[in-house]
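Residue numbering for the sequence shown follows UniProt numbering, beginning at 1 and increasing consecutively. Virtual Cβ for every residue (Gly too), placed ideally from N, Cα, C. Nothing here was measured: the structure is a model prediction, and the numbers come from that model. To start, the structure itself, in C-alpha cells.
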Amino acid sequence: MKNLFSTTRIPVCSGFKQSPLLRHFKQGEDGNVTVLSLALIAILGILASVAWDMNGNEFHRVRMQNTADRAVLAAADLDQTLSPDEVVRDYFDKAGYPTLVTGVNISEGLNFRTVSVSSAGIMETDFIKGQGGEREMLVNVFSEAEERVNNVEISMVLDISGSMSEGSKMSNLRDAASTFVDTVITEETKDLVSLSVVPYSEHVSAGPEIMSKFNVDWDHSYSHCMEFSEADFDRSDLRRDKTYDQVQHFQWGYNGYNNDRSTPVCPIGADEDVVAFSQNASDLKYKIGRLVPRGSTSIFAGMKWATGLLDPDFRTINQQLIQDGDADPAFSARPAAFDDHETLKTVILMTDGQNHYSYRIDDRYYANSSHVAHWNRYNLNWYLSRYVSSRYHDNFKYVKYWPDYGDTLLDKVCDAAKEKNIVIWSIGFEVSDHGADVMRNCASSPSHFFRVEGVEIKEAFKAIARQINQLRLTQ
C-alpha cells in the first residue's frame with residue numbers, strides 16, 4: 001500500500017528561478033511554531049475549562065464531606081440528647097444541603113452508638129456541557145463515627161416488699177432478673193461489666209461488710225440499715241464524711257394475732273444484703289433465687305443506694321471490701337469517675353407498687369440498750385395493743401415516711417443521678433397509674449420506662465439487657 005503522506009522531495013524544474021520570498025518560506029520554520037502554539041493554547045484552554053468544572057465539583061465534595069464528618073461526630077456522641085437522625089439532618093440543613101442526605105444509619109446499644117450518613121448531590125458543568133460532554137457531575141460522600149464505652153457499671157434495684165408475694169410475682173421476678181444476669185455477664189464481658197444488686201422493701205440492708213466501712217452511730221447488731229436525711233437525696237453519693245444514724249430494730253406491722261417480728265423495718269436476712277460490683281453470675285443468681293417478699297415499700301431508699309454505689313466516692317469503700325475479700329479485685333478502680341468516657345453507669349429500678357408508710361419509735365422509748373432489747377422481743381403494735389392504753393399509742397411512734405414524701409425523695413435522687421449522666425431504666429410491674437407515673441418520671445426518658453404485667457417483666461429485663469448484648473455481638 002502506498003504511503004499517503006510521502007516524504008520524497010519534488011525536484012525543482014531546471015530553469016525555474018526561485019524568488020527570495022519563496023526561498024525564505026521554504027527554508028524558514030516560524031510558521032510551524034505558530035501553528036503548534038495555537039494548537040497548544042487551544043488544548044490548554046480546554047483543559048483549564050475542564051479543570052474549572054472539576055475544581056467546582058471537588059469544592060462541593062470536600063464541603064459535603066466536612067459537613068458529613070462533623071454531623072456524624074455530633075450524632076454519635078453518647079451525651080447527645082437529640083436523635084442521631086435529627087442531628088445529622090440539621091448539620092446538612094445549616095450547610096446549605098438540606099436535600100442531599102440519602103441515608104442515615106444508626107446502630108446503638110447501652111454503651112455505644114455508631115452513626116453513618118450517605119449523601120449525594122448533582123453539580124451542573126459549565127464548559128464540559130458546552131463541548132457536548134456531560135451536563136451534570138455526581139458528588140457522593142460517606143462518613144461514619146462511633147462512640148463506645150468499654151466498661152459498664154450496673155445497679156439492679158429489686159422490690160421485695162410484701163406485695164410481691166401475690167400470685168407469681170416473685171417467681172417471675174427471679175426468672176427475669178436471672179435471665180438479665182446471664183445476658184450481661186458472659187466470658188466476653190469478663191472484667192468489663194460489673195453488677196450490683198440492691199434488694200429493698202421498707203429499707204435497704206447494707207450488710208455488715210459494707211455498713212462497717214461507714215461512720216455509723218451503732219445502736220445494735222441485729223440489722224444493718226442507715227438512716228438518710230432529706231438532704232442526702234439531693235446528692236448522688238453515700239457520704240463518708242458524715243455519721244449516719246442506724247435504723248431502729250423493730251417491727252410495727254401487726255396482723256392482730258401474734259407477736260410476729262420476722263419482718264422488721266430493716267431486713268435481717270443475709271440474702272437481703274446489698275451485693276456490690278460482682279461479675280459472678282452463679283452467686284448473683286443464687287442470691288436472686290433466695291429473695292423473699294417482706295415488709296413495706298420505700299423505692300427511694302433502693303434508688304439512693306443504687307446511685308451511691310455508682311458514685312466515685314464509693315471507690316474507697318469498694319477497695320476496702322476488696323482488701324477484706326468481700327469484692328472482686330478486678331473492679332478495684334470502680335466506681336469510675338463520672339467524666340470517664342470509657343464507662344457507662346446505669347440503674348435498673350423495679351417496683352410492683354409505690355412508696356408506702358414507714359414508722360419509727362419515739363426517741364423517748366428507744367433511748368438505751370434496754371429499749372433496743374425490749375423492741376427486739378416485742379412487735380410494736382402487738383405490744384401497744386396488749387399493754388398500753390390506745391389513747392397513748394401515738395406517743396410511742398411517728399411516721400418517718402409517707403407516700404407523697406417518698407415520691408418527693410425519689411424525684412430528688414433520680415434528678416441527682418441524671419445530673420451525673422447515670423442512665424436510669426425503670427420497670428413498673430403491675431403498678432397503679434400513680435405508680436407508673438412516679439417510675440416514668442424517674443427514668444432517663446419515657447422510652448426508658450417499662451410498664452408490664454405477669455411474665456412480661458422478663459421481656460422488660462431482656463430488652464434492657466439486649467442493649468449490652470449488642471456490644472458483645474459487635475466486638
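Am I right that residue i and residue j are in contact with their C-beta atoms under 8 Å? What's the rounded C-beta distance?
i	j	result
F338	F277	The Cβ separation is near 16 Å, so there is no contact.
Y244	V216	5 Å
W161	T297	Note on identity: in this sequence residue 161 is Ser, with Trp being the wrong assignment. Yes, S161 and T297 are in contact; Cβ-Cβ is about 4 Å, under 8 Å.
E146	R174	Contact flag wrong, Cβ pair sits at about 36 Å.
S236	T307	5 Å
V198	E227	Going by Cβ atoms, the distance from V198 to E227 rounds to 17 Å, so no, they are not a contact pair.
W425	I464	5 Å
residue 558	L349	The first residue shown for the chain is 1 and the last is 475, placing residue 558 beyond what the model contains.
Y392	G302	That pair is no contact at about 34 Å.
D69	S143	5 Å
F250	W375	4 Å
Excluding sequence positions up to five away, which residues of its chain have a Cβ less than 6 Å from the Cβ of residue i?
i	result
F450	I427 and A460
I106	P84 and V115
K412	F233 and D234
H341	none
I154	L195 and T346
Can you name the start and end residues of the beta strand (DSSP E) that residue i belongs to?
i	result
Y244	T243 to D245
M350	T343 to T351
D175	That residue, D175, is in no beta strand (DSSP E); its alpha helix (DSSP H) goes K169 to V184.
N215	N215 to D217
V157	N151 to D159
G109	V101 to G109
V452	F449 to V452
R235	First-last for R235: undefined, no H or E at that position.
Under a Cβ-count criterion, where at least 16 other Cβ atoms within 10 Å of its own Cβ denotes burial, should residue i be classed as buried or exposed?
i	result
D273	buried
D159	buried
G454	exposed
S196	buried
P446	exposed
N379	buried
N421	exposed
V431	buried
K287	buried
V204	buried
K94	exposed
Q323	exposed
Within its chain, find whatever has a CB closer than 7 Å to the CB of residue i; leave out the 5 residues flanking it on each side and keep chain order.
i	result
T316	R240
H371	Y365
W218	Q246
R89	V101
F300	F233, N355, G406, L409, L410 and V413
From which residue to which residue does the alpha helix (DSSP H) around residue i run?
i	result
P403	P403 to E419
V197	Unbroken run through V197 is the beta strand (DSSP E), V193 to Y200; no alpha helix (DSSP H).
S435	A small correction: the amino acid at residue 435 is Gly; Ser does not occupy that position in the sequence shown. It spans D433 to C442 - the alpha helix (DSSP H) in which G435 sits, taken as one unbroken run.
F396	H393 to F396
I422	Looking at the DSSP string, I422 is not in any alpha helix (DSSP H), and its letter there is neither H nor E.
D90	P84 to K94
residue 483	For the chain, the structure presents residues 1 to 475; residue 483 sits outside this window and is missing.
G207	G207 to M211
S370	S369 to R377
Between which residues of its own chain and residue i is the CB-CB distance below 8 Å, once the five residues before and five after are set aside?
i	result
D362	N395, F396, K397 and Y398
P403	Q354, N355, H356 and Y357
G289	R174 and S178
N318	A276, F277, A327, F331, S332, R334 and P335
What I want to know is whether the C-beta of residue i ends up closer than 7 Å to one or more non-hydrogen atoms of the ligand MG.
i	result
L310	Looking at this structure, you won't find the ligand MG or any other ligand, since it has none at all.
Could you pull out every unbroken beta strand (DSSP E) segment of at least 3 residues lying fully inside the segment 249 to 314, listed in chain order? Taken in chain order, the complete beta strand (DSSP E) segments of 3 or more residues contained in the segment 249 to 314 are 275 to 278.
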